[in-house]
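Heads up: the protein sequence lines correspond to chains A and B, in order.
If you count the first sequence from 1, position 236 lands on 236 in our numbering, and the numbers rise without skipping.
Going from the second sequence to our numbering is simple: count from 1 and add 1000.
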Amino acid sequence: MSTAATTETKPAAPVIEKIKVKVDGREIEVPRLTADWSGKLTPTTMIQACEQAKTDVPHYCWHPQLPVAGNCRMCLVEFGTPAMGPDRKPVINPDGTAKIAKSPRPAIACATPISPGMEIYTTTPAVKQMREGVLESLLINHPLDCPICDQAGECKLQEYSVDYGQSASRFVEAKVHKPKAVDLGPRIMLDAERCVLCTRCIRFTRDIAGDDKLGIINRGSYNTIATFPGTPFDNNYTLNTVDICPVGALTSKDFRFQMRVWFLKETKSLCTSCGTGCSTLLGSREEKLFRYTPRDNAAVNGPWMCDAGRLNYKWIQRADRLKEVQVFGKKNTWAGALYQISDRLKRAQAGSVAIIASARQTNEELWLISKLKAKLSAVSDSVARFGEADKLLVSADKNPNTNGARLTGICFTEIGSNLPQIAAGIQSGKIRTLIVFGEDVTKHGLSADLLAKLETLIVSDILPNETVKLAHYVLPGAAHAEKRGSFTNTKGRVQKFMKAVEAPGDARAEWEFLHELVHNVTGQNGFVTIEGLFNEMAKDVPAFNGLNWAALGDTGVTVQI
Amino acid sequence: MSFKVTDSLEAEVNELISHYPVKRAASLMVLHAIQAEHGWISQESIEWAAKKLELPPINLYEIVTFYPMLRQHPQGKYAIKVCRTLSCALGGAYELHQLFCTRLGLDAHAHGPQTTKDGKFTVEFVECLASCGTAPVMMVGDKFYEGVTHKQADEILGKCQ
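Encoded structure:
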């Protein structure tokens, strides 16, 4: 298992000498060395120099976070280096510039290191011809089944065909037919005919996931990606190969044939399945979620995410979602329920209220709850959720925002340590009101019999459970995909996420009704936008001091935890 | 057919592996040793070799599927190899191959070696057998035949009993 995708910010890199190269006549300075996929400093290549010069070099097999293979030949460019005289000194032109000796042969930009004074040419007629030639060759046995291909719309073969393709095929021979709909593993389907044999998937699973399961079998035009018979490609990172597959060869069994990708609205979000908080894109159309894909965030997940997190979205659209506000078992309105709850909380004796929030809630929501807690002198806690960690991304902490709950004072270093005290308080009659957010407390030491002793049980949740059944007030909440907010991951990275779809029925984002409740109970002014709420929280919570919503950007900010 | 490792094979493979600085380097030699003993390389034997070489089996599977001389299926008792490189192709190798396939009830157009149902014959094309002057040439097992006419081909088949 490699360290390619680290979950923390890398320490400051050592000072690296810069050298000057020209890309299409424009001089730029680039570091002589660049960190490769494993973080090791290696000589900067032409494709990296072109990237820094914002010059696009088409490629299939090259990927910044994978070892270089240099097999697709799409990135061929022409180049020249300063000419040397017989005295091993640079030859100078009459106008004083260095004479450039153009290489008679092209080179693959992905595997050729740059040198001082090098000139890279990416727009010459020869380069264009080479790209056309390579593309034509890659398409020889390609089935051209774009209309039914899931990759259509985000396919490098299509994109480069627009730039370098031909409108008519010159190929008159019979195409080689290769296996189709090959079941590579529980989540991956392979169409070998679409494959361009770039080996990104092989390198990913060998070097990043550390599970060397894929290889190329057979020879020549029969080359096919395959697993050893009887050993399914089933590690927890297989779906990343679908993302990095530049063509439609590897497809996700979950997503294939579900939706044309150009109809998807992509929303910047986070994965909530563990404390790592991978940056994600949620693909949705007309209020329905279709897929999660990882969003590149060098400080958290790199370009990867685990399969378990990626597929953990179906619950959001379950038919049995809580959609109604209920007061003592009867449907009510938000205004009606909040009025009654505010009234009860205002009249509650100090110390008679307990709050069990969820470390799946956002920083802002937990902070609002902490305001209620302070006003009511309530005892609070949250529920721990631990599982197995791995060496790449998965954290043992299955709550996405344990640190947010700690920093806002909802729970303590040992999450869940107050639960027995709350149970005892209810038992003794000291605690008469319990507010629960997103947790089924009957599974965490507060039995149904115990909950029955309460005068008031206020529950906000997303899906029905035993605690919801017993609640006097049911407040239907929103999944993270249905609201905005921020999480603090296990390493203290504060990241924000955006709303992709509407919550069903009357369900509302918790912060929306919480700010109303906090206003009613504490008199503190409400913050009607998430931006205002976050900024106010950042002023109040020491760890978040100095942060503001806008400055979180797309990839977040690391705070001291 | 289950794969059984004889003591001699185990010893030979251990010896082979000891010749190389890294175990993986012995891959081809180990596969040859298995084929020499068993006549072909089964999936079970790949798994066994992979354990020996401390590799995931896919690494060996790639090699086995790459080299046609490494057999993925049991060979017939008589292995007929017809050369199809240029001289032989011009000299009638395809007709010769077709003749064997017709006589033995095999599909001449199928990819790779074809074996008769009774397991007696395997017919396949091979690349240059290094006797371009006497095309078409072929081998049956280790025996080499040059300038093979269709009449001779039938005689060769007749001798294979």
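Ideal Cβ positions, reconstructed from N, Cα and C, are used throughout, including at glycine.
- Rounded to the nearest whole angstrom, the CA to CA distance from B/A1093 to A/E132 is 37 Å.
- The DSSP assignment places 1121-1126, 1138-1140 and 1143-1145 as complete runs of the beta strand (DSSP E) inside the stretch 1100-1153 of chain B, in order along the chain (cut-off: 3 residues).
- Using beta-carbon distances, B/F1066 counts as an interface residue toward chain A, with a partner under 7 Å.
- A/I217 has a beta carbon lying within less than 7 Å of a beta carbon in chain B.
- Looking at the backbone, the Cα of A/L144 and that of A/Q158 are separated by about 10 Å.
- Here A/L270 is bridged, per DSSP, to A/S279.
- Interface with chain A (7 Å Cβ-Cβ cutoff): B/E1044 is excluded.
- According to the DSSP secondary-structure assignment, A/N332 is paired through a beta bridge with A/V325.
- Counting only Cβ-Cβ distances below 9 Å, B/P1056 has contacts in chain A at R206, D211, D212, K213, G215, F228 and T231, in chain order.
- Buried is the label assigned to A/Y60, since at least 16 other Cβ atoms lie within 10 Å of its Cβ.
- With contact defined as three or more Cβ pairs closer than 8 Å, the stretch 408-426 of chain A and the stretch 437-453 of chain A are in contact.
- Membership of A/S252 in the beta strand (DSSP E) is indicated by the continuous run L250 to S252.
- Fully enclosed beta strand (DSSP E) runs of no fewer than 3 residues occupy 433-437 and 456-461 of the stretch 406-467 of chain A, in order along the chain.
- Judged by DSSP in its simplified three-state form, A/R344 adopts helix.
- Counting of Cβ neighbours within 10 angstroms places B/H1073 among the exposed residues, the total staying below 16.
- In this structure, DSSP gives A/N525 a state outside helix and strand, which the three-state scheme calls coil.
- The Cβ atoms of A/M118 and A/T81 sit closer than 7 Å to each other.
- Measuring C-alpha to C-alpha distances from A/I431 to each of A/A374, A/Q349, A/D440 and A/T402 identifies A/Q349 as the nearest.
- Chain-ordered, the chain A residues with CB closer than 7 Å to the CB of B/Y1061 read G215, I217 and F228.
- When the beta-carbon positions are compared, A/S284 and A/V57 stay at least 7 Å from each other.
- For A/N235 and A/A209, the gap between their C-alpha atoms comes out near 8 Å.
- A direct Cα-to-Cα measurement between A/T467 and A/L322 gives close to 13 Å.
- The Cβ-Cβ distance between B/C1101 and B/V1137 does not fall below 7 Å.
- In its chain, beyond the 5 residues on either side, I1046 have a beta carbon closer than 7 Å to the beta carbon of B/Y1061.
- Annotation: the continuous beta strand (DSSP E) that includes A/F290 extends over K288 to P294.
- In this structure B/D1154 is exposed. Its beta-carbon is surrounded by fewer than 16 other beta-carbon atoms within 10 angstroms.
- Taking all protein chains in view, the Cβ of A/H142 is crowded by 16 or more other Cβ atoms within 10 Å, so the residue is classified as buried.
- A/G133 carries a helical assignment under DSSP once its states are collapsed to helix, strand and coil.
- Residue environment for A/E193: buried (at least 16 other C-beta atoms within 10 angstroms of its C-beta).
- Contact between A/I356 and A/E482 is ruled out by a C-beta separation of about 22 Å, above the 8 Å threshold.
- Here A/G302 carries a strand assignment [DSSP, helix/strand/coil].
- With a cut-off of 8 Å on Cβ pairs, the stretch 241-261 of chain A is not in contact with the stretch 513-530 of chain A, counting fewer than three such pairs.
- Your pair A/I114 and A/T44 checks out as a contact, with CB atoms roughly 5 Å apart and the cut at 8 Å.
- For A/F487 against A/N401, the beta-carbon gap comes to about 4 Å, under 8 Å, which counts as contact.
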